[in-house]
Amino acid sequence: MITKLPDAPNVAAPDPFAGPDHPIRKVTRQVAFDGEAAWTAGRADKMAGLFNDMAAGWSAGKDSEVRAMPVLDALARGEVNLAGSWLEVGSGTGAGAVALHGSVDRLICCDLAAEMLANAPAELAPRVQADASRLPFAGAQFDAILMINMLLFPLEVDRLLAPEGRLVWINTLGDQTPIHLPAQDVLAALPGDWTGITARAGTGFWASLRRA
Ligand SMILES: C[S@@+](CC[C@H](N)C(=O)[O-])C[C@H]1O[C@@H](n2cnc3c(N)ncnc32)[C@H](O)[C@@H]1O
354 MITKLPDAPN VAAPDPFAGP DHPIRKVTRQ VAFDGEAAWT AGRADKMAGL FNDMAAGWSA
414 GKDSEVRAMP VLDALARGEV NLAGSWLEVG SGTGAGAVAL HGSVDRLICC DLAAEMLANA
474 PAELAPRVQA DASRLPFAGA QFDAILMINM LLFPLEVDRL LAPEGRLVWI NTLGDQTPIH
534 LPAQDVLAAL PGDWTGITAR AGTGFWASLR RA
């Protein structure tokens, strides 16, 4: 079950950007619902190449304050453990690390694309190049896993989260985010029974999910 909290005061409708027929949506749903087997080496190479090519200009023209709104609201209302150990998966050029800075002390950022990591601030968190389908971390060690506009790899999330840990799922453009899954679908894709809360903030939404 997922409980919807009231909208944050800063809610705004996203401009139309990426509808349900956006090509990356198909991959997003397949990876979430058909299992990690849908994530082939060819897909991983293509994805890394795509984001390596976009890395230098990724942050330009994006309103970092608006993009941070769902992250900050999730920190405030998402029942997360700020003193715990956090992992951001698909951390890109560091927008999440910037938003978490000052609130979360223990953060590791990881991303598939070396150039995205190279364009992220080095001083905020250790950056690890890794594929989210097989992350180089021991199981059950993170109190929170943050994913902002990132593909969901349900088995790795389940493996890495501590028993009381939470997945913080954010789409900064709501259903206009190219890599988008509604909160209810994230809940359904995770193995076993999960529960959580969700709310809209800025132009996006967040969901904070834990095992039931
Ligand atoms: C849409 S971008 C979002 C980046 C950042 N979270 C943000 O909001 O600015 C998706 C990111 O996920 C990364 N990514 C895609 N597939 C991945 C995988 N299998 N493992 C790790 N990172 C991946 C990409 O390289 C890219 O940096």
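Taking my numbering, I'd label the letters of the sequence shown as residues 354 to 565. Positions of the beta carbon are idealized from the N, C-alpha and C atoms, including for glycine. Every value quoted in this text rests on a predicted model; they were computed, and no experiment measured them.
Can you give me the Cβ contacts of V539 inside the same chain, cut-off strictly under 8 angstroms, excluding the 5 residues immediately before and after it? A385, L505, L520, W522, A560 and L562
What is the DSSP secondary structure of V433, reduced to helix, strand or coil? coil
Helix or strand or just coil, what does DSSP make of L571? Because the chain spans 354 through 565 in this model, residue 571 falls outside it and cannot be assessed.
First and last residue of the uninterrupted alpha helix (DSSP H) at N524: Not the alpha helix (DSSP H): N524 falls in the beta strand (DSSP E), residues L514 to N524.
Taking all protein chains shown into account, do 16 or more other C-beta atoms lie within 10 angstroms of the C-beta of E517, making it buried, or fewer, making it exposed? exposed
Is the beta carbon of G447 less than 8 angstroms from the beta carbon of P474? yes
Tell me whether F495 sits in a helix, a strand or coil according to DSSP, three-state version. strand
DSSP puts M500 in a beta bridge; with which residues? W522
When you compare only the Cα positions, how much space is there between R465 and I532? The displayed chain sequence assigns Leu, not Arg, to residue 465. Going by the C-alpha atoms only, they are around 15 angstroms apart.
Cα-Cα separation between G388 and R480, rounded to whole angstroms: 26 angstroms
Cutoff 6 angstroms; reference V364; Cβ partners in own chain excluding five residues on either side: R553
Can you tell me whether E476 is helix, strand or coil according to DSSP? coil
Runs of beta strand (DSSP E) lying entirely within the segment 394 to 466, each at least 3 residues, in chain order: 438 to 442 and 459 to 464
Compare the beta carbon distance of D496 and S438 with 8 angstroms and say whether it is the shorter of the two. yes
Is any non-hydrogen atom of ligand 1 found closer than 7 angstroms to the C-beta of M354, if you look at the structure I gave you? no
Answer with buried or exposed for A429, where buried requires no fewer than 16 other C-beta atoms within 10 angstroms of its C-beta. exposed
C-alpha gap between L403 and L470, whole angstroms: 14 angstroms
Should P423 go down as buried or exposed, given a rule of 16 or more other Cβ atoms within 10 Å for buried? buried
Compare the C-alpha of A543 against each of D360, V510, A421 and R420 and name the closest. Checking the sequence shown, residue 543 turns out to be Leu, not Ala. Comparing Cα positions, the closest option is V510.
Integer Cβ distance of E468 from N405, believed to fall under 8 angstroms: 4 angstroms
Put R553 into one of helix, strand or coil per three-state DSSP. strand
P489: buried (16+ other C-beta within 10 angstroms of its C-beta) or exposed? exposed
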